[in-house]
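Only one structure is covered here, and it is reproduced in the block below.
4 protein chains.
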Amino acid sequence: MATNAELNAKLESVLNEIFEASNVIYKDRGFQRRIGFGKRPALISVDLANAWTRPGNPFYCGDAMDTEIIPGMQRLLKAFRAAGHPIVHVTTAYQNTDRNDPATDMGMWHYKIPVDAVNLRDEEIWAIDSRIAPFEGEYVLLKKRASAFSGTPLAGYLRSAGVDTILVTGVTATACVRTTICDGLAEGFRTIAVKECIGDRVPGAVAWNLYDIDAKFADVETVDTCVKYLASVSRNAKSVAAE
Amino acid sequence: MATNAELNAKLESVLNEIFEASNVIYKDRGFQRRIGFGKRPALISVDLANAWTRPGNPFYCGDAMDTEIIPGMQRLLKAFRAAGHPIVHVTTAYQNTDRNDPATDMGMWHYKIPVDAVNLRDEEIWAIDSRIAPFEGEYVLLKKRASAFSGTPLAGYLRSAGVDTILVTGVTATACVRTTICDGLAEGFRTIAVKECIGDRVPGAVAWNLYDIDAKFADVETVDTCVKYLASVSRNAKSVAAE
Amino acid sequence: MATNAELNAKLESVLNEIFEASNVIYKDRGFQRRIGFGKRPALISVDLANAWTRPGNPFYCGDAMDTEIIPGMQRLLKAFRAAGHPIVHVTTAYQNTDRNDPATDMGMWHYKIPVDAVNLRDEEIWAIDSRIAPFEGEYVLLKKRASAFSGTPLAGYLRSAGVDTILVTGVTATACVRTTICDGLAEGFRTIAVKECIGDRVPGAVAWNLYDIDAKFADVETVDTCVKYLASVSRNAKSVAAE
Amino acid sequence: MATNAELNAKLESVLNEIFEASNVIYKDRGFQRRIGFGKRPALISVDLANAWTRPGNPFYCGDAMDTEIIPGMQRLLKAFRAAGHPIVHVTTAYQNTDRNDPATDMGMWHYKIPVDAVNLRDEEIWAIDSRIAPFEGEYVLLKKRASAFSGTPLAGYLRSAGVDTILVTGVTATACVRTTICDGLAEGFRTIAVKECIGDRVPGAVAWNLYDIDAKFADVETVDTCVKYLASVSRNAKSVAAE
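As given, the protein sequences belong to chains A, B, C and D, one line each in that order. With the first sequence counted from 1, adding 44 to any position gets you this note's numbering. With the second sequence counted from 1, adding 44 to any position gets you this note's numbering. With the third sequence counted from 1, adding 44 to any position gets you this note's numbering. With the fourth sequence counted from 1, adding 44 to any position gets you this note's numbering.
See the structure below:
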């Protein structure tokens, strides 16, 4: 039986072959276009709360959290704050996690995944990870569904703030990040998926979801590219000089 | 100059004449139909929080709160709890009430009304009035906009709970109650406006808003009628007997 | 018994007294603020289709259509087209107007008002009035609900076009115009109600709805003011000169 | 270099290994729960229109259309019609496909994919495939975005019809089907993805998207299972007997 490392290596190799074959179809048909960055970005950081970022919690997303996602987020947050653009920290929790109650703010989702593990009373579990803690004035958005836009005032908030572009980070690629990106595009924003800052908890899921996303819903860009872009659209003359 | 009492009496008299003239047009054209009660109701109580219910707060809605709205709500809540149907307590508050910040969860609304007076940190101001305090398990929904449906997961919550009818109460007739009713109908629910439990803070506003609502968006019904209806659709056999 | 003219005169007089009394309360509490015009407007013209604009149809909105609303719209359209800003013509119609079918695109609304009178097959009835006919490239948006935003892609369309301000016209003040304005504000746009271009079919309804709207949801402005504003934000240098 | 057949075989083998490894994680954490069928289903058939179903069109989804998807749909439609439950045929087209116009009903999507190829004037391209043509009274829903729920009145339509369960079919797994399923769950419906009736245009995409969907957003079920279920919830006594 293959070890995880062997399995992942094999998967990566086959996915790359598949992606190359798909690229031919997509290019030929006019998919995989570039949406590009606009002039007024916001950061939408999805579910980088303890239940997802810290070991021992049901939604924990693994080692990449410490090695890639949190460090990438720290760079992005620094660049966003220096440039003076809005930051939204999204998290998920429920008032009523009783699966036997037919009327709960979990809606239908507890029939598929263990959202009943994130009760609003247990603030520690849904609080944003302290390594990327919100600053005063940054919006902490509590959602109930996968997408940060669905059943929340996010689209109106962003429009009222003059935002035209969203940089999306967080977990998971399969669920909350992907749905947030799809909805963000639908609601009229330029959508950027920040490559190193998006994670998941099962093998392959980041790779194929980012592939689908880049083909149809957002440009996948590195933290480096995003940090450079942010310096170029700073609303704060001094911070630009200081960069 | 007319006193308030004289002014109100004069207004009521003229509005009644106007409503009679309008009724002729509406009936002739097929408006003012009855939507009726369904089988699975929920109570949507809008903004009966201290800023709206207690004197001295900017959103305070006046004497009718103590004489009519709260007593009516107490009867309705008792009937809903006995019948075992969902209750949603809606309130409104903001994380960022700095009107100079271009990115705030007040969105555009602070350009029209003093939502900056309801900061989320001041829980006393947005907490549901203690005379109609939520019971364990009842949903307390924090909204940012006028409608309890707009930018919230309410429609999905109600559908997942099997609800087909909403009884709407609270303040104000002009804003949060009316928009909640319009959206509730649009989202596929039978809509009932509970007459004695809807208030406002300026003269005439309840009268003309309920008139418009009854003509086009919801049936206006008394607390008595609603309490009788609730007993007839109880999900709790014992409580029916006990009624 | 009072004639209609006498009744309307009496109503206007009393409403003005009431509005003055309400203004005191609103000013004191910080309502009736000005939202102002932004930099990138769009025109949202609601239900100025034959069923609403032409005599003999159930939704017809009366003489003001010919004397005020259509002429005002003609001036506004000219100014919008000269300035190069987006125009959205909204109308309402249904595929299935069988009230006995439990699944129809009328949703719940036919239980309150005669939407079954506007069948999608009868294009004449829901077509935009020929006096203000859409030009090539202007968006004709078919809606099912009162609000032009509810259950439509309008908010995303406007955001993707960079719009920050909406000027709303049409009928009726009670229903489709008012809900469109409330939702437009909620979705993050500066909202302007164009005074002479908003109508209704029952006495008083325009007056009290515009009063409520101006207090809480949009600035009510004249066609003159809007036309001047449009010249000041033209995207078309030549047309500015020509104005 | 591998042939397509070899590549697909290799992919399938590796994906199966990966899915097995992921299943262990998902089961351990409480994902991959069963949502189950409810009592009042509707069929949501997404983009089975000529641009997607017929060769020579840019969105064409390949041979599986003729061999699996259309035949599966024909069985499903027959079962739905016999049982008397609502059917929604969803398609996608645009009024303004000029990519140089900043205000178009394509919104932001044309920056990623060739939606400019589906103009509303060319009815042949967006008409539902004649092999599964809508019957009188079935709802044909025109959407602009990926999800059949986003920017449409679908959720309200389904709620007003008393629907509690949606069976989703069509193309593509990557985009319109997946987003429709995610939104359907969020809006409070039990979600079923009909396995043989979901397609895509690049290799692997159906497999990994259905895997993600089944883990978190909907139960993936066969046409056989769905047809049996529909007979059990028929609203039409005679058709039940006839089944």
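Glycine residues also receive a C-beta, built at the ideal position from the N, C-alpha and C atoms.
As DSSP reads the structure, arginine 234/B sits in a beta bridge with Thr209/B. Between arginine 203/A and arginine 84/C, the C-beta gap is not smaller than 7 Å, which leaves the two residues out of contact.
Contacts with chain D (Cβ-Cβ distance below 9 Å) from the region 231 to 246 of chain A involve Glu231, Gly232, Phe233, Arg234, Thr235, Arg245, Val246, listed in chain order. For glycine 200/A, the nearest CB of chain C lies under 7 Å from its own CB, placing it at the interface with that chain.
About 4 Å separates the beta carbons of threonine 224/D and alanine 192/D, which is inside the 8 Å limit, making them a contact pair. Judged by their CB atoms, aspartate 72/A and threonine 218/D are not nearer to each other than the 7 Å cut-off. Close partners of serine 204/A in chain C (Cβ separation under 7 Å): Gly232. The beta-carbon of cysteine 220/C is placed no less than 7 Å from the nearest beta-carbon of chain B.
Chain C has no Cβ within less than 7 Å of the Cβ of tryptophan 170/B. Nearest to tyrosine 70/D by alpha-carbon distance, out of Pro102/A, Leu254/A, Thr266/A, is Pro102/A. Across the region 136 to 152 of chain A, CB contacts with chain B closer than 9 Å involve Gln139, Asn140, Asp142, Asp145, Pro146, Ala147, Thr148, Asp149, Met150, Gly151, Met152, in sequence order along the chain. The region 138 to 145 of chain A and the region 178 to 197 of chain B touch, with no fewer than 3 CB-CB distances between them shorter than 8 Å. Taking the Cβ atoms as the reference, proline 197/D lies roughly 6 Å from arginine 189/C, within the contact range of under 8 Å.
The Cβ-Cβ distance between cysteine 241/D and isoleucine 113/D falls below 7 Å.
Chain-ordered, the chain A residues with CB closer than 7 Å to the CB of threonine 196/B read Gly195. Arginine 234/C is classed as buried because its beta carbon has at least 16 other beta carbons within 10 Å across all chains shown. Closest in C-alpha terms to glycine 151/D, from the list Phe261/A, Arg279/A, Asn280/A, comes Phe261/A. By the Cβ rule, the region 154 to 171 of chain C counts as touching the region 89 to 105 of chain C, because three or more pairs are nearer than 8 Å. Secondary structure of asparagine 253/C (DSSP, three-state): helix. Cβ-Cβ separation between serine 194/B and aspartate 227/C: approximately 7 Å, consistent with a contact (criterion under 8 Å). By the neighbour-count criterion, in which a residue is buried when 16 or more other Cβ atoms sit within 10 angstroms of its Cβ, glycine 116/A is buried. DSSP, reduced to helix, strand and coil, places alanine 86/B within a strand of the structure shown. In the three-state DSSP reduction, tyrosine 155/B falls in the helix class (H, G or I). Contacts with chain C at 7 Å (Cβ-Cβ) do not include glycine 80/D.
Restricting attention to Thr47/D, Phe124/D, Glu56/D, the CA atom closest to the CA of valine 277/D is found in Phe124/D.
The C-alpha of glutamate 231/B lies about 34 Å from the C-alpha of isoleucine 62/C. For secondary structure counted as the beta strand (DSSP E) over 3 or more consecutive residues, the region 116 to 169 of chain D holds these complete runs in sequence order: 131 to 136. The residue among Ala53/B, Val250/B, Leu87/B, Val267/B with its C-alpha nearest the C-alpha of arginine 222/B is Val250/B.
Under DSSP, the beta-bridge partners assigned to lysine 187/A are Thr136/A. Between tryptophan 252/C and the set Arg143/C, Asp110/C, Glu64/C, Ala49/C, the nearest pair of CA atoms involves Glu64/C.
Within a 10 Å sphere around the beta-carbon of alanine 177/C sit fewer than 16 other beta-carbons, which makes this residue exposed. Only those residues of the region 80 to 100 of chain A whose C-beta falls short of 7 Å from the nearest C-beta of chain B would be listed, and there are none. Neighbours of tyrosine 183/A in chain B, taken as residues whose beta carbon is under 9 Å from its own, are Gln139, Asn140, Ala147, Thr148, Asp149 in chain order. By a beta-carbon distance limit of 8 Å, isoleucine 210/B contacts alanine 86/B. Their separation comes to about 6 Å.
Between valine 267/D and arginine 119/D the beta-carbon gap is near 5 Å, inside 8 Å, which marks them as a contact.
Taking 8 Å as the cut-off between beta carbons, the residues of the region 155 to 169 of chain B near chain C are Tyr155, Lys156, Ile157, Pro158, Ala161, in sequence order.
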